[in-house]
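Enquirer: Starting off with a structure, shown below.
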DNA sequence: TGCGGATATTTGCGTTAACAAAGGTCTACA
DNA sequence: TGTAGACCTTTGTTAACGCAAATATCCGCA
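Residue numbers (this note's numbering), protein chains in the order written: chain A, 2 to 189; chain B, 2 to 189.
Encoded structure:
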């Protein structure tokens, strides 16, 4: 038996294949709206955040991009008028990336089609129970590979300052010193 | 209720987060061995293929890279001595990327550590039943987003010529005209 | 045999992202 | 007050990838 045919490798490959396949399926709708994957994710995360804005660093933590990557994404989105930089009043080092009205409109325009895509290639294929189980398994893995993503739910201290959970959008609104969680590995 | 908090978006985000998190977790072991993600995937797929070789185009289909991307990956791997180009005797346009002994050794050297990583962050977290169910769900999605990946199992005709299934390594060994399946979307 | 369309690979060019370093700002502490 | 260290963002550099074009080869058909 070839050790290269280990079922664990197959499992990883299947997961990667599904992810890549879904991304590829979503792409036409997104790019028809003039947004790359990362553009869409950025705009979506801003839209989900309180005040439709996020500090550059928090955006980097949420998207998995480096901070310089975020700088350039926001450069592009700002050039297109979808996002604008807003100075942070409480910390002059920081700046917010804030969704503009045009950005919000663009986002709401793609959303129905995008949701239809997700529905038709992913969630809609599964029964309620199956989807629930699938998501539960994903969360179980997520909690191991990105432990900080679940922080911020119970502990109110500054120890939870790192990246915000993907779906929770619990970004801090500003203020105190940021005890940055040491990066748990090279980004991406 | 904010339409941006749709559970379908959360589901997609969770899947993406798990995938990215797993990749990040695997990276240290791989890069300690001098291989990038894509290097490892390339070498692994070659190792799994009959004769430890694959035509450039087939490699592109399996990895999701463009053909030019494969050219460059193989350039790098060849420079490092892990892979070599071998002329295809039956079609002088084509060339194989073939794993060298050094490539095979490198691959077998990382494999135990890599499998340990997968085990500790993914498969090992789940009961047998849960893993089975998870993989079944993934396959269900895969069959929709990448229909050609399951071809080649029953139908013996030339219609199955496109990409080989991720785990099956059923690459054609040469010969007939290649009815390339139209790309089912922009790669990656 | 000879021609035309299709296929396999490589190369030029533009875009994007990560890493490293720089510049400005904040907090803590003496 | 003043200094040290940490932090936020941006910019320069380098690497990787996709697209389009170029080149070589193959296959079908007259």
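Each residue gets a CB set at the ideal place from its N, CA and C atoms; glycine is no exception.
Whose Cβ in chain B lies nearer than 8 Å to the Cβ of residue 78 (chain A)?
Expert: As a position in the first chain, residue 78 (chain A) is number 77, starting the count at 1. The contacting residues do not exist; residue 78 (chain A) stays about 16 Å from chain B at best.
Enquirer: Between which two residues does the alpha helix (DSSP H) carrying residue 83 (chain A) extend?
Expert: One-based indexing of the first chain puts residue 83 (chain A) at position 82. Taken as a continuous stretch (DSSP letters only), residue 83 (chain A) belongs to no alpha helix (DSSP H), as it is neither H nor E.
Enquirer: For residue 81 (chain B) and residue 119 (chain B), I'd like the C-alpha separation in whole angstroms.
Expert: Counted from its first residue, the second chain places residue 81 (chain B) at position 80. Counted from its first residue, the second chain places residue 119 (chain B) at position 118. Cα-Cα distance, rounded: 26 Å.
Enquirer: Between residue 51 (chain A) and chain B, is the shortest Cβ-Cβ distance under 8 Å, so that the two count as touching?
Expert: The residue labelled residue 51 (chain A) in the question sits at position 50 within the first chain. With 8 Å as the cut-off, residue 51 (chain A) does not count as an interface residue toward chain B.
Enquirer: Measure the Cβ-Cβ separation of residue 23 (chain B) and residue 12 (chain A) and say whether it is below 8 Å.
Expert: Here residue 23 (chain B) is taken as the residue at index 22 of the second chain, counted from 1. Here residue 12 (chain A) is taken as the residue at index 11 of the first chain, counted from 1. Contact: no.
Enquirer: In whole angstroms, what is the alpha-carbon distance linking residue 141 (chain B) and residue 96 (chain A)?
Expert: Taking the first residue of the second chain as 1, we reach residue 141 (chain B) at position 140. Taking the first residue of the first chain as 1, we reach residue 96 (chain A) at position 95. Whole-angstrom Cα-Cα distance: 43 Å.
Enquirer: Taking the alpha-carbon positions, what's the residue 8 (chain A) to residue 83 (chain A) distance?
Expert: Your numbering for residue 8 (chain A) matches position 7 in the first chain. Your numbering for residue 83 (chain A) matches position 82 in the first chain. Going by the C-alpha atoms only, they are around 45 Å apart.
Enquirer: Who are the near neighbours of residue 115 (chain A) in its chain, counting only those whose CB is closer than 6 Å to its CB and skipping five residues on each side?
Expert: One-based indexing of the first chain puts residue 115 (chain A) at position 114. Hits under 6 Å: 30.
Enquirer: Return the CA-CA distance between residue 101 (chain B) and residue 65 (chain B), expressed in angstroms with no decimal places.
Expert: Translated into the one-based positions of the second chain, residue 101 (chain B) becomes position 100. Translated into the one-based positions of the second chain, residue 65 (chain B) becomes position 64. The alpha-carbon atoms of residue 101 (chain B) and residue 65 (chain B) are separated by roughly 23 Å.
Enquirer: So residue 16 (chain B) is in the alpha helix (DSSP H); what residue range does that whole segment cover?
Expert: The residue labelled residue 16 (chain B) in the question sits at position 15 within the second chain. Here the alpha helix (DSSP H) through residue 16 (chain B) covers 8-33.
Enquirer: Of all the CB atoms in chain B, is at least one closer than 8 Å to the CB of residue 33 (chain A)?
Expert: Here residue 33 (chain A) refers to the residue found at position 32 of the first chain. Taking Cβ atoms only, chain B never reaches closer than 8 Å to residue 33 (chain A), which makes this a no.
Enquirer: Check whether the Cβ of residue 17 (chain A) lies closer than 8 Å to any Cβ atom in chain B.
Expert: As a first step, residue 17 (chain A) must be located in the first chain, where it is residue number 16. Taking Cβ atoms only, chain B reaches closer than 8 Å to residue 17 (chain A), which makes this a yes.
Enquirer: Which of the three DSSP states, helix, strand or coil, is assigned to residue 100 (chain A)?
Expert: Mapped onto the first chain, residue 100 (chain A) falls at position 99. In this structure, residue 100 (chain A) counts as strand in the three-state DSSP scheme.
Enquirer: Reducing DSSP to helix, strand and coil, say where residue 56 (chain B) ends up.
Expert: Here residue 56 (chain B) refers to the residue found at position 55 when the second chain is read from its first residue. It is a strand residue.
Enquirer: Residue 35 (chain B): buried (16+ other C-beta within 10 angstroms of its C-beta) or exposed?
Expert: As a working note, residue 35 (chain B) is residue 34 in the second chain. With fewer than 16 other Cβ atoms within 10 Å, it is exposed.
Enquirer: For chain B, is any of its Cβ atoms less than 8 Å away from the one on residue 41 (chain A)?
Expert: Taking the first chain and counting its residues from 1, one reaches residue 41 (chain A) at position 40. No, its Cβ sits nowhere closer than 8 Å to a Cβ of chain B.
Enquirer: I need the DSSP call for residue 144 (chain A), collapsed to helix, strand or coil.
Expert: Residue mapping note: residue 144 (chain A) aligns to position 143 of the first chain, counting from 1. In this structure, residue 144 (chain A) counts as helix in the three-state DSSP scheme.
Enquirer: Helix or strand or just coil, what does DSSP make of residue 95 (chain A)?
Expert: For this step, residue 95 (chain A) is matched to residue 94 along the first chain. Looking at residue 95 (chain A) - three-state DSSP - the assignment turns out to be coil, as it is neither helix nor strand.
Enquirer: Looking at residue 28 (chain B): is its Cβ nearer than 8 Å to the Cβ of residue 38 (chain B)?
Expert: Sequence index remark: in the second chain, residue 28 (chain B) carries index 27 (1-based). Sequence index remark: in the second chain, residue 38 (chain B) carries index 37 (1-based). Yes, the Cβ-Cβ distance between residue 28 (chain B) and residue 38 (chain B) is below 8 Å.
Enquirer: How is residue 50 (chain A) classed by DSSP in three states: helix, strand or coil?
Expert: In the first chain, residue 50 (chain A) corresponds to position 49, counting from 1. Correct three-state label for residue 50 (chain A): coil.
Enquirer: For residue 134 (chain A), return the contacting residues in chain B, with the cut-off set at a CB-CB distance below 7 Å.
Expert: Numbered from 1 along the first chain, position 133 holds the residue referred to as residue 134 (chain A). Neighbours of residue 134 (chain A) on chain B, chain order: 134.
Enquirer: Rounding to the nearest angstrom, what Cα-Cα distance links residue 117 (chain A) and residue 90 (chain B) in this structure?
Expert: Within the first chain, the letter at position 116 stands for residue 117 (chain A). Within the second chain, the letter at position 89 stands for residue 90 (chain B). The straight-line gap from Cα to Cα measures roughly 48 Å.
Enquirer: Can you list the residues of chain B that residue 145 (chain A) reaches, using a CB-CB cut of under 7 Å?
Expert: The residue you call residue 145 (chain A) lines up with position 144 of the first chain. The contacting residues are 122 and 126.
Enquirer: Note down, in chain order, every chain B residue with its Cβ under 7 Å from the Cβ of residue 57 (chain A).
Expert: What you label residue 57 (chain A) is simply residue 56 of the first chain in a count that begins at 1. Per Cβ cutoff of 7 Å: no residues; residue 57 (chain A) is ~19 Å from chain B at best.
Enquirer: Under the assumption that residue 87 (chain A) contacts residue 99 (chain A) (Cβ atoms under 8 Å), give the Cβ distance between them as a whole number of angstroms.
Expert: Here residue 87 (chain A) is taken as the residue at index 86 of the first chain, counted from 1. Here residue 99 (chain A) is taken as the residue at index 98 of the first chain, counted from 1. Their Cβ separation, rounded to whole angstroms, is 5 Å, which keeps residue 87 (chain A) and residue 99 (chain A) in contact under 8 Å.
Enquirer: So what's residue 116 (chain B) in DSSP terms, helix, strand or just coil?
Expert: Counting from 1 along the second chain, the entry for residue 116 (chain B) is found at position 115. Residue 116 (chain B): helix per DSSP, three-state reduction.
Enquirer: Find the residues of chain B that neighbour residue 61 (chain A), judging by a C-beta separation of less than 8 Å, and give them in chain order.
Expert: Numbered from 1 along the first chain, position 60 holds the residue referred to as residue 61 (chain A). By Cβ distance, chain B contributes nothing, its closest Cβ being about 13 Å from residue 61 (chain A), past 8 Å.
Enquirer: Sorted by chain position, which residues of the same chain lie with C-beta nearer than 8 Å to residue 75 (chain B)'s C-beta, five sequence neighbours on each side aside?
Expert: Locating residue 75 (chain B) in the second chain gives position 74, counting from the first residue. Answer for residue 75 (chain B): 43, 57, 60, 84, 86 and 98, listed in chain order.
Enquirer: For residue 108 (chain B), does the three-state DSSP call read helix, strand or coil?
Expert: Taking the second chain and counting its residues from 1, the one referred to as residue 108 (chain B) is at position 107. Residue state, collapsed to three classes: helix.
Enquirer: What does a CB cutoff of less than 6 Å around residue 77 (chain B) pick up in its chain, not counting 5 residues either side in sequence?
Expert: On the second chain, position 76 is the one that residue 77 (chain B) refers to. Once the five neighbours on either side are set aside, residue 77 (chain B) has no close Cβ partner at all.
Enquirer: With 16 as the cutoff for other CB atoms within 10 Å, does residue 121 (chain B) come out buried or exposed?
Expert: By one-based count along the second chain, residue 121 (chain B) stands at place 120. Residue 121 (chain B) is exposed by the Cβ-count criterion.
Enquirer: By a C-beta neighbour count over all protein chains shown, 10 Å radius and 16 as the cutoff for buried, is residue 62 (chain A) buried or exposed?
Expert: Along the first chain, read from residue 1 onward, the residue named residue 62 (chain A) stands at position 61. With 16 or more other Cβ atoms within 10 Å, it is buried.
Enquirer: Compare the C-alpha of residue 143 (chain A) against each of B:134, B:21 and B:3 and name the closest.
Expert: If you number the first chain from 1, residue 143 (chain A) lands on position 142. If we check each option's Cα against that of residue 143 (chain A), B:21 comes out closest.
Enquirer: With a threshold of 8 Å between beta-carbons, can residue 13 (chain B) be considered close to chain A, or not?
Expert: In the second chain, residue 13 (chain B) corresponds to position 12, counting from 1. Yes, contact with chain A.
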